[in-house]
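Since the structure comes first, as structure tokens, the remarks are kept for the end.
The structure is reproduced here in structure tokens:
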């Protein structure tokens, strides 16, 4: 451990017996309640640390809403090893800073192995593909965890042996705060007329004092009132077997017979389980004074991130055809950390996102209040008229929804890559599925339409094996299976078109946790064959050369499973995978749908083969990770600048171009150079843009409106650009002066 890590450890992780470091305030905070974007997830928060209970997809994106940082999440407690509970761990790890403390994963096993499997497949604007933090697994067999703030006891809840599967073991967590040193109440000192001086010190030390007027003052007379609720239980039951296990566990007996009292119980169990009679008996046995907090999909549907909904509301006012209202539709009002939005259901309190419950009341941060009340924005008449009078030719399909338009990591306003391509009213495919793709679909389409879309989903195309393009895959597979089961339809495997690097994590997850491989039919478009064992050199050093047999542009339809692909029902007549310049096996995709050609570039630097194969495309969706002036960065990281992407569209003779995949340096809007309007067919994507082919002409018309509503953000981008150019000129001048000095010295 280096000196920086040691200093951080001393600050964030004092010795377990350090009384002076017991936190002054502790709260339970609801990050997500299983509705909208985020699955059920809660945190116990102190001034220095955040203890996370489950880590679903999108957690790293939602933490800032509660003024939390990934850096302070050093302990993640898993109640059940399912993808819903562990999908966001990788993003938490990657968003930490270098030299940070190890991250402990409690209760579950094999997660570290899976994280190491997907670690090489990280694409970042900042270069490194390594986790800044080490991972330490603490399985339930260690029985407990202790630090300066609290003790946490692991309570394993296992199903009978005959029913054991990879996810049949649940772990409950009993949290007990360490008591802080009692504090003197200044108002009580005044009330008892205790003079300043050494007598107060004696009271602090727990000694009874005698005042000059003869009165006796005991420490309890002046100590502050104890407002602690120091014990909480966080658990998830998957069925009746787990309920029996927690009732019979020896740790719980004192609480069930009334010897000890629980202050909070956080129920992460799904609604059907909480309605079981045995579950109700368990809740009743904990007594009436216990607060039962339910965090599951039956809770109030409340928008989770202010930035997403406020920004989209502005876009919806500009052009509701392209930016339909997000779900929950029509939701307006304030979201606070109080109980105003919670719903009482008998003994249960069904929590809303952001809700806070105090375990130890102190002088913490001001309460978070999210203002989502309706606000009308002012547009000039010229801006409004730009999106009017569109001549529609009634071409509803194909339709593209931009579910994520950020590069590498999500921002407050943009999720990572994901595109929904609807080919007809009952057929769709996904191109790239970054973390949080399902949550984006859910708020864009609504719960019922999202389920229907999943039932109509035939295939997922993954351009390459970076996490920001594939980490949402497992949720899509699982939710599609659930949607089809609920409809009573026979399950049809999801066709997965990808290279073998995408398949390795899928296989690892299926072996360690839950079998997802059996739910997909794989079309492997790898162009680099596995190196034969007889090749010279150690296996890790052998270079895999492109196959001389496999073309850099492949007809994917010929590779499709005949029993699953049907040109008529899919309404797709052409699918090409085109090798592009990014990772070793990265591909762009070209689709022919009802006479229209759509090209997805994926991540790539300018690629001539993509230009050649995509000639005369009706729509090119091309990455534009960097702004102009960052050509060297783009070349080194194998991405494109905005100007390069526009030039590819010109060479391809694409009728419409939509730019996407912007660096997280531009969280709300990328640079909008004036040359974009010169082409007349180039637009910029925003998250939750949903565009039919008869609306493509609208997208470029939004550019001047974006300049009007994002003036501050664009000014900041321009300011940074001017500062960068100035520093470059100063550096060039300094190098020039140094060269002149050297030459002058030689001449003398």
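Numbering (the numbering used here), first residue to last: 217 to 964.
Don't be surprised by glycine CBs; every beta carbon is placed ideally from N, CA and C.
In this structure, the straight-line span from the alpha carbon of residue 644 to that of residue 845 is close to 38 angstroms. The Cβ-Cβ distance between residue 272 and residue 323 does not fall below 7 angstroms.
Contact holds between the segment 866-884 and the segment 833-841, because three or more Cβ pairs, one in each stretch, are under 8 angstroms apart.
The closest CA to that of residue 507, considering only 445, 929 and 405, is found on 445.
Within its own chain, the residues whose Cβ lies closer than 7 angstroms to the Cβ of residue 549, once the five positions on either side in sequence are excluded, are 588 and 589, listed in chain order. DSSP, read as helix, strand or coil, puts residue 902 in coil.
Residue 538 is a Cβ neighbour of residue 905, given a cutoff of 7 angstroms.
For residue 575, the enclosing beta strand (DSSP E) has its first and last residue at 572-576. In this structure the segment 504-522 lies against the segment 473-484, because at least three pairs of beta carbons, one per stretch, are closer than 8 angstroms. Look at the beta carbons and you see the segment 246-254 touching the segment 513-529: at least three pairs across the two are nearer than 8 angstroms. For residue 740, the secondary structure class from DSSP, reduced to helix, strand or coil, is strand. Within the model, the alpha-carbon separation for residue 551 versus residue 246 is close to 12 angstroms. In this structure, residue 417 keeps its C-beta atom at 7 angstroms or more from the C-beta atom of residue 435. Within the segment 759-803, the runs of beta strand (DSSP E) that reach at least 3 residues and sit entirely inside it are, in chain order, 769-771 and 790-795. Contact annotation: residue 798 and residue 854 have beta-carbon atoms nearer than 7 angstroms. Rounded to the nearest angstrom, the Cβ distance from residue 256 to residue 237 is 31 angstroms, too far for a contact under 8 angstroms. Here DSSP, grouped into helix, strand and coil, assigns residue 269 to strand. At a Cβ-Cβ threshold of 7 angstroms, residue 718 and residue 686 count as neighbours. For residue 690, the uninterrupted alpha helix (DSSP H) segment begins and ends at 689-703.
Residue pairing for residue 635: DSSP places it in a beta bridge opposite 618 and 647.
Closest in alpha carbon position to residue 500, among 468, 655 and 563, is 563. Residue 808 sits in a strand when the DSSP states are folded into three classes. The secondary-structure analysis by DSSP pairs residue 566 across a beta bridge with 510 and 559.
Within its own chain, the residues whose Cβ lies closer than 8 angstroms to the Cβ of residue 467, once the five positions on either side in sequence are excluded, are 369, 371 and 390, listed in chain order. If you draw a straight line from the Cα of residue 302 to the Cα of residue 329, it comes to about 13 angstroms. For residue 724, the enclosing alpha helix (DSSP H) begins and ends at 716-728. Taking a C-beta distance under 7 angstroms as the contact criterion, residue 864 and residue 915 do not qualify as a contact pair.
In its chain, beyond the 5 residues on either side, 509 and 558 have a beta carbon closer than 6 angstroms to the beta carbon of residue 565.
Here residue 582 is exposed. Its C-beta has fewer than 16 other C-beta atoms within 10 Å.
In the structure shown, residue 655 adopts helical secondary structure according to DSSP, grouped into three states. If you check the CB distance, residue 321 and residue 353 come in under 7 angstroms.
It is roughly 25 angstroms from the alpha-carbon of residue 384 to the alpha-carbon of residue 260. Going by DSSP, residue 330 is part of the alpha helix (DSSP H) stretching over 327-334.
Under the DSSP assignment, residue 490 falls in the alpha helix (DSSP H) whose first and last residues are 487-490.
With fewer than 16 other CB atoms across the displayed protein chains lying within 10 angstroms of its CB, residue 942 is exposed. Rounded to the nearest angstrom, the gap between the Cα atoms of residue 721 and residue 890 is 43 angstroms.
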